[in-house]
Amino acid sequence: MCHGLTKRLQWFADHRIVLKLSKTHFTLVSRLYHGFPSLYQIFVNFNRELITITREESCKYLGLIFEENVSWKLHLDRIRTQLGRNVVSGI
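Mapping of the sequence shown onto my numbering: position 50 corresponds to residue 72, and the numbering continues sequentially without gaps.
Structure below.
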């Protein structure tokens with residue numbers, strides 16, 4: 023997995039695409055989720071620099087919030103909150 027990630031990082035560098043590694047995280051998504059206790063970080067050696075990518079329980083992608091256990095709870099809670107704000111403000 024890290025070798026593939028290293029190749030992608032090199033592709034970004036070759037094409038002058040800047041990837042904010044400080045904002046990069048990963049999420050393991052599975053309905054069969056029982057916890058992956060040993061995988062909280064991925065270490066990648068890129069340009070002789072050790073990069074740490076940390077694990078998050080959820081991620082936001084194109085406005086959708088994905089959770090590790092394939093639940094939509096966080097996403098629906100966010101929509102409810104936004105709808106509540108819009109109703110209160112009269113929009």
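Quick reminder that beta carbons are idealized off the backbone N, C-alpha and C, glycines included.
Note that this is a predicted model, so its numbers are computed, not measured.
As assigned by DSSP and simplified to three states, the class of residue i
i           : result
residue 47  : strand
residue 40  : coil
residue 108 : helix
residue 77  : strand
residue 72  : strand
residue 98  : helix
residue 31  : helix
Nearest-angstrom beta carbon gap, residue j and residue i [assumed within contact, 8 angstroms]
i          : j          : result
residue 98 : residue 89 : Not a contact, Cβ separation roughly 11 angstroms.
residue 34 : residue 27 : About 11 angstroms separates the two Cβ atoms, so there is no contact after all.
residue 64 : residue 75 : 5 angstroms
Nearest candidate by alpha-carbon position, reference residue i, set the options
i          : options         : result
residue 54 : 100, 33, 92, 38 : 92
residue 73 : 84, 94, 101, 44 : 44
residue 81 : 100, 30, 66, 70 : 100
residue 69 : 104, 32, 107    : 32
Same chain, Cβ closer than 6 angstroms to residue i, five either side skipped, listed in chain order
i          : result
residue 78 : 47, 49
Identity of the residues DSSP links to residue i by a beta bridge
i          : result
residue 90 : Note: residue 90 sits in no beta bridge, so no partner.
residue 62 : Partner(s): none; residue 62 has no beta bridge.
Neighbourhood of residue i by C-beta distance below 8 angstroms, restricted to the same chain and skipping five residues each side
i          : result
residue 52 : 90, 91, 92
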